[in-house]
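In what follows, a structure is listed as C-alpha cells, so that the remarks can point back to it.
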C-alpha cells in the first residue's frame, strides 16, 4: 500500500491516546495526526480539517460532545470518513446506532493494537473475499460470548481465541486443521509461537470451565457438555463458536 493513512484518535482516556501514539510511531503507512480527549475540540478539528485525515478512532463516552452526537454531526455535514469505534459498551442499541451512523468497525476495549492496525488496513484494501455487512458487530458478539463463558479479557488466551474465531468465521472454507492453519496465523499476528498459542488457548478454556455460565455452555456446545463438564478440544471450541456465528449471520441476512 503506497497511500499514507492519516488517523485522528478521540478518547477521554489519555492512556488510550498515549497507546495509540506510541504503537503507530514510526509506522510507514499509518500516521496519527491528531489526538483529542474531549468531543467538542475534536469535532471542531474534524470539521475544519477534512483533508488532513482519513480515519477517526473514537470512543462513545466523551465530555462535552459524546461519540453518538459526533457521528450525527459528521453525517449532517456529509463528512464521509472511515470511523472505528473503540468502546466498553456492548449493548445492541449502541451497536445498531453507530452502524446506522456509518461507523466502519466497532471494537471492544481493551483494544489489541495489532488487531486495530489490521482493521485500519482492511478499510483501505480492496478484496474479493466474502465480507459480512455486520462484521464489526460479530466481533462484539464474540467478545460478549467469551465474557459469558468466563474468560477474562486480560489472559493471553482470550486474544488468541477471539482472533482464531474471527479467522474461522471469515474464511471461505471450513478449516478443519486448526493446528496447521490457525495457530501459525495467530502466532504470526502476535509475534509468538504456535505452541504458545495452543497452550494459552487451552488455559483460557480451562478457566472458562471453572468460571463460565453453564447454561451458555450448553446452548453453544450442546451434547459436548455433560454432567462432569468435560472440556472440548481447542479445535472444537473455536470451530463451534465460529459455526454458530456463521449460522446466526445467515439467519439475519436471510
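Residue numbers (the working numbering): 308 to 561. Cβ atoms here follow ideal geometry from the backbone N, Cα and C, with glycine treated the same way.
Could you compute how far the alpha carbon of residue 321 sits from the alpha carbon of residue 456?
By one-based count along the chain shown, residue 321 stands at place 14. By one-based count along the chain shown, residue 456 stands at place 149. If you take the alpha carbons of residue 321 and residue 456, they lie about 31 angstroms apart.
Nearest CA to the CA of residue 445: which residue from 412, 416, 427?
Position 138 of the chain shown, counted from the first residue, corresponds to residue 445. The shortest C-alpha separation from residue 445 is found at 412.
Excluding the 5 residues flanking residue 507 on each side, which residues of the same chain have their C-beta closer than 6 angstroms to its C-beta?
Stepping through the chain shown from its first residue, residue 507 is reached at position 200. Closer than 6 angstroms at the Cβ level, and outside the excluded window around residue 507, lie 463, 464, 467.
Quick one, which of 414, 385, 390 has its alpha-carbon nearest residue 398's?
Looking up residue 398 in the chain shown gives position 91. Residue 414 is the option with its Cα nearest to residue 398.
Whose C-alpha, out of 358, 354, 367, 366, is nearest the C-alpha of residue 382?
Translated into positions along the chain shown, residue 382 becomes position 75. Nearest of 358, 354, 367, 366 to residue 382, Cα basis: 354.
Using only the alpha-carbon positions, how far apart do residue 528 and residue 520 sit?
Translated into the one-based positions of the chain shown, residue 528 becomes position 221. Translated into the one-based positions of the chain shown, residue 520 becomes position 213. Looking at the two C-alpha atoms, the distance is approximately 12 angstroms.
Shorter than 7 angstroms from the beta carbon of residue 457 to some beta carbon of chain D?
No chain D is present in this structure, which holds just one protein chain.
Are there 16 or more other CB atoms within 10 angstroms of the CB of residue 513, so buried, or fewer, so exposed?
Here residue 513 corresponds to residue number 206 of the chain shown, with the count starting at 1. Residue 513 should be labelled exposed.
Between the C-alpha atoms of residue 357 and residue 386, what's the straight-line distance to the nearest angstrom?
Here residue 357 refers to the residue found at position 50 when the chain shown is read from its first residue. Here residue 386 refers to the residue found at position 79 when the chain shown is read from its first residue. Between residue 357 and residue 386, the C-alpha separation is close to 8 angstroms.
Whose C-alpha, out of 337, 515, 343, is nearest the C-alpha of residue 325?
By 1-based counting over the chain shown, the position of residue 325 is 18. When only C-alpha atoms are compared, the closest one is 343.
Compute the Euclidean distance between the alpha carbons of residue 416 and residue 395, then round it to the nearest angstrom.
Your numbering for residue 416 matches position 109 in the chain shown. Your numbering for residue 395 matches position 88 in the chain shown. Going from the Cα of residue 416 to the Cα of residue 395 covers about 5 angstroms.
By DSSP, does residue 369 sit in helix, in strand, or in coil?
The residue labelled residue 369 in the question sits at position 62 within the chain shown. Reduced to three states, the DSSP call for residue 369 is coil.
Counting only runs that start and end within the region 381 to 417, where is the beta strand (DSSP E) found for 3 or more residues in a row?
Runs of the beta strand (DSSP E) inside the region 381 to 417: 389 to 394, 412 to 415.
Using DSSP bridges, identify the partner residues of residue 507.
Numbered from its first residue, the chain shown carries residue 507 at position 200. In the DSSP output, where bridge partners are listed per residue, residue 507 has none listed.
Which partner residues of residue 341 appear in the DSSP bridge assignment?
Taking the chain shown and counting its residues from 1, the one referred to as residue 341 is at position 34. According to DSSP, which records beta bridges pairwise, residue 341 is partnered with 315.
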